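Chains as they are written, first to last, in numbering that gives the first Met the number 0: chain A, 0 to 429; chain Z, 0 to 202; chain B, 0 to 645. The beta carbon of each residue, even a glycine, is placed where N, CA and C say it ideally should be. Given the structure is predicted, the values throughout are model-derived calculations rather than measurements. Single-structure report; data block below.
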Amino acid sequence: MHSLAERARASAEWLLRIAVLAILVWLLVWTIRAQRHGAVDDAVTATLAPKLARWSTVASPARVHVRIDHPPAGRERDWLAALPGAGTAVNWNGPSLVPTAIAVEPRIDPARGADVSVAAPDSAEVVLADTLGVLDSTRATRSGVRGYIPKFRGTVDAVVGPVAARASRRDSVELRKLLVIGQAGWEAKFTVAALEERGWQVDAHLVVSPKGDVRQGKIADIDTTHYSAVLAIDTTAARYGDRIAAFVRQGGGLVMWSPAARTRALASLAPGAGVGAAITDEGDVPPDSAPRSALELVPVTSLSPDAVVLERRGQDVSLAARRIGRGRVLETGYTDSWRWRMAGGPDALARHREWMASLVALVASSGHHAVPAAPSDVAPLVTLIDRLGSATAISEAAALDPAVIARWAFAILCAALLLEWASRRLRGVK
Amino acid sequence: MTQFVFATAKYASGDWESAPSLPEAVIDAVVRYTTIDIAPTGVYVDLSSHELFNFPFVWLTGHLPVRFTDDERRNLKQYVERGGLMMIDDHNHDITGQFHKTATEEIERLFGKMTRLPKTHELYSCFFVFDDGPPNTHHELNGYGDDLLHKYLDAILVNGRVGLIYSSKDYSSEWNFHAETKKFMQQDPTKFGVNLIVYALTR
Amino acid sequence: MTIRERVQRAQRRLVGTVVLAALLWGAALAMAIVSLAAALNALTPLNAATRLAIIPLTALAATAAAALIVWRGRASRSLARVALWIEERQPQLRYALVTAIDDTIAPLDRNRALHDAAERVDIDGIMRHAWKRTLGRGALACVVLLAVLAVLRPTDLLRAAEQELALRAAPRPAAPMANRLLSLSARVVPPAYSRLPARTIDQPGNIAALIGSRATLDGKGPPEGVGATVGAQELAASTGERGWAVAVTMPKDPSVLTLHDRAFKRLVSLEPVTDSSPDVRLRLPAHDTTYQTVPKGKLAIDAGLADDIGLDYGYVEYMLSSGSEESFDTKQINGARVQLGNARTSSLRTTIDFDTLKLSPGSVLHIRVIAYDYNDVTGPGKGVSETRTLKIAEPVDSTSINAAPPLPIDSMWISQRLLNMRTDTLIRTKRSLAHEEFVHRSSGYSNGQEDIRKRALAVIALLEDNGVGDSFETEASKMLRQAVDLMWTAREDLGVAQPEQAMPLMKKILKILDDLRLANRYYLRGVLKPVAVNIERTRLTGKDSANAGARQPRTELDDPHLQLAGRIDAAAALARSAPAAAADSLVYIRVSALSSAPAVAGALQRAIDLLRRGAPADSALASTRRALEPPPRLLTGPAEWGGVVP
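Below, the structure is given as structure tokens:
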């Protein structure tokens, strides 16, 4: 008659056998499932490089989950994108990744430079940098960030959180000449001076007298093969009205001062059909902080429906623009911008020159030719999605390391078997 | 748009107002020959005041020594470098006189040595054509002052543009008359003034 | 031939045999060594050191072998030993020979038998045998070894060994001289007038000193072959304290001094320090003055003087002009020189006695103080004070230029402003006033406005009178007319007790008068009396023809900062592959920057020092490039239009 203890031990031994069988069955089921669903491994950006090597050589899982905290380098990203082709499905997510994109355009300006546009979430901190280091930083608005980089070094980065988007210049502009038309006067004189000092080649027709006008250059056909833009200082430009209109429709640029918009010939091109009463300047020194605040202003009024306001001074529109055909027209109400140059602060000379050139750059047309471009990644998150597909959530269960599971299961198996055998032998049972 | 206003510089040390009718005579010439929008009267502007920069063309004359103050010097330097044109005319027509000596000393102190404008300079052909350079004045033809015929004007150039003209020809005497008087003249002596203003407004 | 003579003959032959044997065995050993070397060389080529040892070893061995044989045969020098040697080969002699050869021991006449016994020895035969035996072995060895050498043909090996030996034996050329520019020192002696002490700079990278200073750079080594250039100027080295020396005078503009020593080069930048001109501040008189009457008495003149090095002397300069209209006379008077004793700061005080100047109405006195320093290199530096202008007013001119009485427009403005204030008060206190009082006051203000209107009309008449009987509208009169019209309406409103309606008009009136006051500042001769041109009547009435010439275009302005930045870019690109060349390039750039961008020059020096130490200079160069470039600008305005530069 077996004692209670012996029976208990026998029961325990059976339990251990059952447990071993259960573990074996579980391992079998798990293996079958893994084969059906695939072995799963995971990585984060920091461990991605060695893991990629392992997945491609030693252990090729059926599925990998990658947590991306900053976009991987192009080589790793491309490697990851190639894994599905080798039978390893890739899931990823990157909750900290910020959608960021950057574009760069050469400025139509003899001083070169580039205009940079960055798309980023509203209020995100955006850092612009180039090969020398940080250029500037600011907070994005709803329309992103736009900057002008006078000395462009081939590439520019926009860093938003962990994401760095890089753009490189891919083309260069071919400038034509400018044509300035106006009455001989201070505004015409200093406009031509500023643009020439900037590096523009200027043809000019400055009306002085029926006995003779002052001209510069041979005023050729007003078309986009000869001119990048026309500047109409006042009503004297009306004598070229039809030719200017054709030029703009062809793709040329037109900068017109508000008084020029009064002429019938140019009114149809102007962003503002009306011209307000002149707000005369008080003779104050234009301050460097807001130089145009002290200038005479003839406001742009009666804006056409397609006109875009570029700048206001208080309630008055000081700069407005519109597209006409393939060209662009900008109207400025600052009829005495020359006072900024003459009377402004220490930086006035350079800044007036730069501002005048920027007005021209907004509308001017130019030829383009491609230049060798450095590698870029203008929208890293988009590229990631494009290569790897959309991000997915990662389940915790799939994060189990099969090697660890196998080890534990084996260990438990061995322990159970050993215990069962030991118990039997100690009882004297074979 | 600002119309052109003929400005005469007032400076601390001399008789800056010594040619009060000159503006009228030159304005008259500009109106006669051009369509330039010009104010009918001239103004006097203080060389030491920031209002100087509202008038990118300024006439300066006198008989007495020219000794600029620090403010006047600073303004004049900025004025010329930014694009203004100042015409300094020796009302004595005397290169041995103190106006010439002191004015040229001040100019050299600020800008260095002046450059002689050649007779082919565009100043002499930008509107009326003066083949022989600056036109002579009655004063110098009559031996007034230093009894010399000055064939050239001197200038300070900024990036190839004339920013300051120095004249020993005494246009201040030549042009210091009421415009009405021109009807008694065979030749209008103020035509060169038109060139000065056309140059100032277009170069 | 006696026995003695026979033994002597044998001795001679023996000596000869020893010598020949030595030669043969010496040669054999030499040939053996050469054969061995040749055999080894055939198996594995011998290195230069081994080849070098062949000939000396051979010679040594041969000499040693020969010497050994000669040493072993040294006994042949002794006749008795030779006799004993013969006796060893003829034992039956029993020392008869060695005894017979000594006449003192065994003379012939008393020892006939001994001599006869000795005579019977075949000494020649013994000698022949020995000769054959000794020389035969040697000869045989030589023949065998010659055969071996003939097979091995060691001529090339021997030639190579000979060449190696010749090379080593040749006198070695002297080691090239070390770089004489490495240990550099500069002694800088400022110009004598400055009285500044001389100083020494060790390992100078740059020398900053007054223009005209004498800098002597010296180093170790002879001066031949050492030279320097500064721009186009060549400087030869002379003998100096430590070896060589080059002297240079500090030029006016920053330059680079290039020292040469054969292919070695070293750059030192020369940074001239300009001796500033004296600074002179005129304290008294404190400002320009117009005297209404001719002043009497003394005028104090007080000026503060300062110089960075030392003041030499100063004086007061007066210019007294008198005259009027077109005729003026100006006298220049210089006051007495005041010696300033090389002080860095000083004062000059004196007085002018008006009485001695013979001033009269219309006179103008210009006063300024002038000071000089001791600079006898580029100067002397001359400092001048501001000029004070003292004018004596002319009595016919009732309004002096600098002290004009209140102008009609000013007084009108004052009156209008007061009227506006009172009307404003009236409006605000309307409720607290009785109706009759309100109407009364408003009526009074209407009269006041009418008063101002009449004054304005009078001024208009004055403005429009051009002095020759004609009347032309001027800008000022046009504005005043506008004000007059408004005054009429305001007067009416005030007259019917409607100040609220009048108030806006009165504000406009005040604005017009204010603008007129501004314009009026330009007219300092009292009453506004501009002469206006009748534009409408005169426009384009000129008959002369014009020919407006073409405008010449202006050139683009070069930005010296951007040019510097471009040069630094090029140097930075070079820094990775050739840091020494980049450092040299930066020295030149730094010299250019001293005048156009002095703030950058310091940062460039840091970069130069880093590159010379072999450390990376990327950060230092990046910051200088940034400092020279225009900064980026954030743009405003709608996105699709790119944005406007602020």
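Please say whether residue j and residue i have beta carbons closer to each other than 7 Å?
i: ILE300 (chain B); j: TYR317 (chain B); result: no
i: SER414 (chain B); j: ILE451 (chain B); result: yes
i: LEU493 (chain B); j: SER431 (chain B); result: no
i: LEU209 (chain B); j: PRO189 (chain B); result: yes
i: ALA128 (chain A); j: ASP108 (chain A); result: no
i: ALA11 (chain Z); j: ALA178 (chain Z); result: no
i: THR40 (chain Z); j: ALA531 (chain B); result: yes
i: LEU627 (chain B); j: HIS560 (chain B); result: yes
i: GLY220 (chain B); j: ALA236 (chain B); result: no
i: ALA65 (chain B); j: ALA36 (chain B); result: no
i: SER584 (chain B); j: ALA598 (chain B); result: no
i: GLU419 (chain A); j: GLU12 (chain A); result: yes
i: GLU270 (chain B); j: ALA231 (chain B); result: no
i: GLU196 (chain A); j: ARG352 (chain A); result: yes
i: SER47 (chain Z); j: THR68 (chain Z); result: yes
i: LEU294 (chain A); j: ASP335 (chain A); result: yes
i: ARG490 (chain B); j: GLU449 (chain B); result: yes
Can you look up residue i in the DSSP assignment and give me helix, strand or coil?
i: SER292 (chain A); result: helix
i: ILE400 (chain B); result: In this prediction, ILE400 (chain B) has a pLDDT of 39, which is less than 50 and means its spatial position is unreliable; what the coordinates show is noted afterwards. Coil at ILE400 (chain B), not helix or strand.
i: GLN551 (chain B); result: coil
i: ASN92 (chain A); result: strand
i: TRP58 (chain Z); result: strand
i: THR137 (chain A); result: strand
i: VAL4 (chain Z); result: coil
i: TYR32 (chain Z); result: helix
i: PHE327 (chain B); result: strand
i: PHE353 (chain B); result: helix
i: ASN341 (chain B); result: coil
i: LEU157 (chain B); result: helix
i: LEU42 (chain B); result: helix
How about residue i: is its C-beta nearer than 7 Å to some C-beta of chain B?
i: ALA8 (chain Z); result: no
i: TYR226 (chain A); result: no
i: GLY211 (chain A); result: yes
i: ASP135 (chain A); result: yes
With a threshold of 7 Å between beta-carbons, can residue i be considered close to chain A, or not?
i: PHE129 (chain Z); result: no
i: GLY159 (chain Z); result: no
i: GLY82 (chain Z); result: yes
i: LEU634 (chain B); result: yes
Output yes if chain Z places a C-beta closer than 7 Å to the C-beta of residue i; else output no.
i: PHE263 (chain B); result: no
i: ALA289 (chain A); result: no
i: LEU230 (chain A); result: no
i: ALA363 (chain A); result: no
_Counting beta carbon pairs with one atom in the region 204 to 218 of chain A and one in the region 248 to 264 of chain A, are three or more of them shorter than 8 Å?_
no
*Compile a chain-ordered list of the residues in the region 406 to 438 of chain B whose CB is closer than 7 Å to at least one CB of chain A.*
none
*Listed in chain order, which residues of the region 288 to 301 of chain B have Cβ atoms closer than 7 Å to some Cβ of chain Z?*
none
*Check each residue of the region 50 to 81 of chain Z: if its Cβ is closer than 7 Å to any Cβ of chain B, include it; give the result in chain order.*
HIS62, LEU63, PRO64, ARG66, THR68 and ASP69
_Residues in the region 528 to 540 of chain B having any Cβ partner in chain Z nearer than 8 Å_ = PRO529, VAL530, ALA531, VAL532, ASN533, ILE534, THR537, ARG538, LEU539 and THR540
*Is there contact here, the region 368 to 386 of chain A with the region 152 to 168 of chain A, by at least three beta-carbon pairs under 8 Å?*
yes
*Taking a cut of 7 Å between CB atoms, which residues from the region 544 to 575 of chain B lie near chain Z?*
ALA545, ASN546, ALA547, GLY548, ARG550, GLN551, ARG553, THR554 and LEU556
*Stretch-stretch touch, CB-based, cutoff 8 Å, three pairs: the region 46 to 56 of chain B with the region 69 to 80 of chain B*: no
*Going along the region 127 to 157 of chain Z in order, which residues come within less than 7 Å of chain B, judged by CB to CB distance?*
PHE127 and VAL128
*Can we say the region 156 to 165 of chain Z touches the region 74 to 84 of chain Z, given the rule of at least three CB pairs closer than 8 Å?*
yes
*Would you say the region 6 to 26 of chain B touches the region 128 to 147 of chain B, given that touching needs at least three Cβ pairs under 8 Å?*
yes
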